[in-house]
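Visitor: Provided herewith is a single structure, encoded as structure tokens, for subsequent inquiry.
In the numbering used here, the protein residues as written are 28 to 662.
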């Protein structure tokens with residue numbers, strides 16, 4: 028059996044780092060997003076509930092926040108406690124392997140799921156769903172109790188649980204790739220999407236401008252590489268040849284590094300890398316033993332043959348041709364052919380997954396019978412894990428089959444019932460990001476302006492991480508998750524009446540609420556002493572400056588499209604009625620707070636509020652690395 032003990036430990040500690048960044052990111056933004064004076068007050072969502080009993084409340088909104096009154100807390104301070112507790116547990120698992128057990132990961136998942144329940148608009152991306160599903164899978168990877176397992180090969184259930192990790196990674200990549208082509212978007216089909224991708228990212232990085240100006244032919248090759256990494260290479264995760272999986276790991280890591288350098292996608296790339304650890308084994312970290320054995324030589328030859336065949340297929344399917352100093356590329360298949368392959372292929376993918384899981388379970392069962400120690404206990408444990416993983420696998424076939432109407436009709440009703448139950452817990456989800464290319468003619472941006480008179484002059488209100496001032500370069504912010512800046516991107520492609528949170532943000536700016544203003548760029552604010560009397564929003568179209576214009580120190584050019592919403596004042600009855608109808612007006616929490624809790628939590632908030640968000644994240648991470656170094660590294 029493949030040795031996975033060290034690999035499992037590394038996976039769990041890396042997962043704790045992902046949780047650490049996610050919880051701290053949430054904690055930083057709680058007052059501005061979910062406080063009583065925040066954009067979407069969590070107290071309005073919970074404290075105004077008509078349900079009386081605790082069980083009814085939990086059924087209505089499954090979150091640990093319902094326990095706040097029993098702990099002497101209101102909703103606002105309870106949010107702080109959940110986020111801080113999650114950060115502490117994640118930090119503990121990061122610095123010490125012995126704490127990476129099922130109870131710790133169950134606590135982490137429950138805490139993040141509780142925060143997710145009040146996230147509303149700001150958790151509607153697939154990334155939070157992805158973290159919750161991955162966190163649920165991590166429960167199966169973690170040991171029940173701390174301590175070193177007997178034997179050199181770890182638990183027989185490791186191979187089964189790691190198979191589920193690979194299956195999640197496979198589904199996420201494959202679904203993202205299929206959704207782009209199934210959407211029929213001409214830019215993805217024409218391999219021209221990356222001509223606009225780096226300009227239209229929700230939160231571009233400093234390198235995005237430079238990559239945007241790469242030659243057209245090379246950006247088309249980027250599109251080919253992305254397609255191969257999402258549609259072809261994931262199948263290699265399940266090939267029973269070690270060198271094939273390692274090669275797939277290298278390709279996928281390279282893709283994630285490129286994404287990190289050219290865009291800010293919060294913690295998701297770190298989560299992807301963590302899941303990719305499942306493609307490795309202990310031998311990868313401790314050195315290659317018997318590297319010249321017959322089976323290793325055969326594996327390496329097979330690896331070259333398999334990836335050579337894959338490369339040949341890519342050359343044929345994408346018409347790759349060397350043309351002087353460039354490489355031409357075009358999609359050699361049409362939409363009808365692709366639809367036909369997908370309609371039949373999705374069912375075969377399910378069979379492929381079932382066969383791979385079946386082989387893994389059989390091998391684990393045989394190994395448990397041949398191993399040392401209590402064979403009966405090992406067999407029972409392996410059977411329990413096999414049953415759980417098989418149930419999860421069956422439920423994942425539902426979102427996979429739903430990608431095409433033909434395969435969607437083949438799903439059994441009982442399997443759909445299992446999926447529905449697990450989906451309510453976000454333990455199994457549907458994915459598919461950026462299926463259609465937005466911002467082809469330039470990215471749309473909502474620009475807020477404030478003024479002390481209805482006739483102006485109007486002064487722009489800057490955000491911290493999204494495009495605004497054309498002379499400002501955008502920072503690296505990942506793995507921090509600036510949820511307001513991210514949501515502003517999607518608001519630009521909608522209308523303000525469909526974005527209640529945006530008018531709530533406007534109202535808080537007019538009131539000068541410091542919790543909300545902390546989410547904006549206070550260092551470049553034109554309203555330092557007092558808030559503006561009026562706020563309006565304009566819609567602009569942003570484009571990167573040309574390569575020869577970079578010497579002018581401008582990163583963007585922008586063109587005014589029109590008014591996004593009219594000017595509002597704090598006393599506007601229209602604005603007040605709109606927010607009141609949606610329970611979005613600021614209101615003091617009705618629940619009392621224990622003075623000791625309040626003093627401690629206010630002190631922590633005071634200290635952390637004086638650090639820039641990304642600096643706080645990396646400071647905590649660095650502190651964890653220092654603890655690991657001083658304590659011996661692998662303990």
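Backbone N, C-alpha and C define an ideal beta-carbon position, used for all residues, glycine too.
Ignoring anything shorter than 4 residues or poking outside the stretch 105 to 153, list the alpha helix (DSSP H) runs there in chain order.
Guide: List check, alpha helix (DSSP H) in window: 129 to 144.
Visitor: Near residue 565, what residues of its chain come up, given a Cβ to Cβ distance below 7 Å and the 5 sequence neighbours on each side ignored?
Guide: Along the chain shown, read from residue 1 onward, the residue named residue 565 stands at position 538. Answer for residue 565: 474, 476, 587, 590 and 591, listed in chain order.
Visitor: Is the stretch 125 to 141 in contact with the stretch 158 to 169, if contact means three or more CB pairs nearer than 8 Å?
Guide: Yes, the stretch 125 to 141 touches the stretch 158 to 169.
Visitor: Note down the Cα distance separating residue 360 from residue 583, rounded to an integer number of angstroms.
Guide: Taking the chain shown and counting its residues from 1, one reaches residue 360 at position 333. Taking the chain shown and counting its residues from 1, one reaches residue 583 at position 556. If you take the alpha carbons of residue 360 and residue 583, they lie about 37 Å apart.
Visitor: Report all residues from its chain with a CB closer than 7 Å to the CB of residue 204; omit the five preceding and five following residues, and keep chain order.
Guide: By 1-based counting over the chain shown, the position of residue 204 is 177. Excluding residues within five positions, the ones whose Cβ falls inside 7 Å are 254, 257 and 258.
Visitor: Taking residue 31 as the reference, which of 83, 484 and 185 has the closest Cα?
Guide: Position 4 of the chain shown, counted from the start, is the residue given in the question as residue 31. Residue 31 has its Cα closest to that of 185, out of 83, 484 and 185.
Visitor: Find out if the Cβ-Cβ distance for the pair residue 264, residue 306 is shorter than 9 Å.
Guide: In the chain shown, the residue the question calls residue 264 occupies position 237. In the chain shown, the residue the question calls residue 306 occupies position 279. Against a cut-off of 9 Å, the Cβ pair of residue 306 and residue 264 comes out as a contact.
Visitor: So, for residue 216: in the same chain, excluding its five sequence neighbours on each side, which residues have a beta-carbon less than 8 Å away from its beta-carbon?
Guide: For the purposes of this step, residue 216 is identified with residue 189 of the chain shown, where counting begins at 1. For residue 216, where only same-chain residues beyond five positions count, the Cβ hits under 8 Å are 208, 358 and 362.
Visitor: What does residue 567 pair with, by DSSP beta-bridge criteria?
Guide: Here residue 567 refers to the residue found at position 540 when the chain shown is read from its first residue. Beta-bridge pairing links residue 567 to 472 and 587.
Visitor: Using CA atoms only, rank isn't needed, just tell me which of 57, 238, 141 and 63 is closest to residue 668.
Guide: For residue 668 there is no data in the structure shown, the boundaries of the chain being 28 and 662.
Visitor: Helix, strand or coil, according to DSSP, for residue 548 in the structure here?
Guide: Here residue 548 is taken as the residue at index 521 of the chain shown, counted from 1. In the structure shown, residue 548 sits in coil (DSSP, three-state: anything other than H, G, I, E or B).
Visitor: Give the C-beta separation of residue 82 and residue 614 to the nearest angstrom, bearing in mind that I take them to be a contact with Cβ-Cβ under 8 Å.
Guide: For this step, residue 82 is matched to residue 55 along the chain shown. For this step, residue 614 is matched to residue 587 along the chain shown. No, residue 82 and residue 614 are not in contact; Cβ-Cβ is about 26 Å, not under 8 Å.
Visitor: Assign residue 622 to one of two classes, buried (16 or more other C-beta atoms within 10 Å of its C-beta) or exposed (fewer than that).
Guide: For the purposes of this step, residue 622 is taken as the residue at position 595 of the chain shown. Exposed, since its Cβ has fewer than 16 Cβ neighbours within 10 Å.
Visitor: Tell me the DSSP secondary structure of residue 348 in three-state form.
Guide: Against the chain shown, residue 348 aligns to sequence position 321. Here residue 348 sits in strand by DSSP.
Visitor: Comparing C-alpha positions only, which one of 458, 261, 124 and 396 sits nearest to residue 425?
Guide: Residue 425 sits at position 398 when you count from the first residue of the chain shown. Taking only the C-alpha atoms, the option nearest residue 425 is 458.
Visitor: Around the C-beta of residue 367, are 16 or more other C-beta atoms found within 10 angstroms, so that it is buried, or is it exposed?
Guide: In the chain shown, the residue the question calls residue 367 occupies position 340. With fewer than 16 other Cβ atoms within 10 Å, it is exposed.
Visitor: Along the chain, where does the beta strand (DSSP E) containing residue 353 start, and where does it finish?
Guide: Taking the first residue of the chain shown as position 1, residue 353 is located at position 326. 353 to 355 is the extent of the beta strand (DSSP E) around residue 353.
Visitor: Among 109, 580, 123 and 111, which residue has its Cα nearest to the Cα of residue 39?
Guide: Locating residue 39 in the chain shown gives position 12, where the first residue counts as 1. Residue 123 is the option with its Cα nearest to residue 39.
Visitor: Rank 542, 593, 585 and 629 by C-alpha distance to the C-alpha of residue 63 and give the top, closest one.
Guide: One-based indexing of the chain shown puts residue 63 at position 36. When only C-alpha atoms are compared, the closest one is 542.
Visitor: Can you give me the C-alpha to C-alpha distance between residue 593 and residue 547, rounded to a whole angstrom?
Guide: As a working mapping, residue 593 is identified with position 566 in the chain shown. As a working mapping, residue 547 is identified with position 520 in the chain shown. C-alpha separation (whole angstroms): 21 Å.
Visitor: Let me confirm a value: residue 179 is counted as buried when at least 16 other C-beta atoms fall within 10 Å, else exposed. Which label applies?
Guide: Position 152 of the chain shown, counted from the first residue, corresponds to residue 179. Bear in mind that the predicted position of residue 179 carries a pLDDT of just 41, short of 50, making it unreliable; the figure below should be weighed with that in mind. Answer is exposed; the Cβ neighbour count stays below 16.
Visitor: Using only CA atoms, which one of 78, 197, 101 and 237 lies nearest to residue 574?
Guide: Within the chain shown, the letter at position 547 stands for residue 574. Residue 237 is the option with its Cα nearest to residue 574.
Visitor: Under 8 Å Cβ to Cβ from residue 549, same chain only, skipping five residues before and after it: list those, please.
Guide: Position 522 of the chain shown holds residue 549. So the list reads 555, once near-sequence residues are dropped.
Visitor: Per DSSP, which one or two residues make a beta bridge with residue 562?
Guide: Reading the chain shown from its first residue, position 535 is the one you call residue 562. In the DSSP output, where bridge partners are listed per residue, residue 562 has 477 and 595.
Visitor: Using the C-alpha atoms, what's the distance from residue 109 back to residue 415?
Guide: Position 388 of the chain shown, counting from 1, holds the residue named residue 415. Position 82 of the chain shown, counting from 1, holds the residue named residue 109. Roughly 28 Å separates the two Cα atoms.
Visitor: What three-state label does DSSP hand residue 466 in the structure shown?
Guide: The residue labelled residue 466 in the question sits at position 439 within the chain shown. Residue state, collapsed to three classes: coil.
Visitor: Please name the residue, chosen from 301, 268 and 272, that lies closest to residue 284 on a Cα-to-Cα basis.
Guide: Taking the chain shown and counting its residues from 1, one reaches residue 284 at position 257. With distances taken between Cα atoms, residue 284 lies closest to 301.
Visitor: Once you ignore the five residues that flank residue 635 on each side, which residues in its own chain have a CB closer than 8 Å to its CB?
Guide: Along the chain shown, one-based indexing puts residue 635 at 608. So the list reads 54, 55 and 643, once near-sequence residues are dropped.
Visitor: Keeping to the same chain, check which residues put their C-beta closer than 6 Å to that of residue 453; ignore five residues upstream and five downstream.
Guide: Here residue 453 refers to the residue found at position 426 of the chain shown. Answer for residue 453: 156 and 159, listed in chain order.
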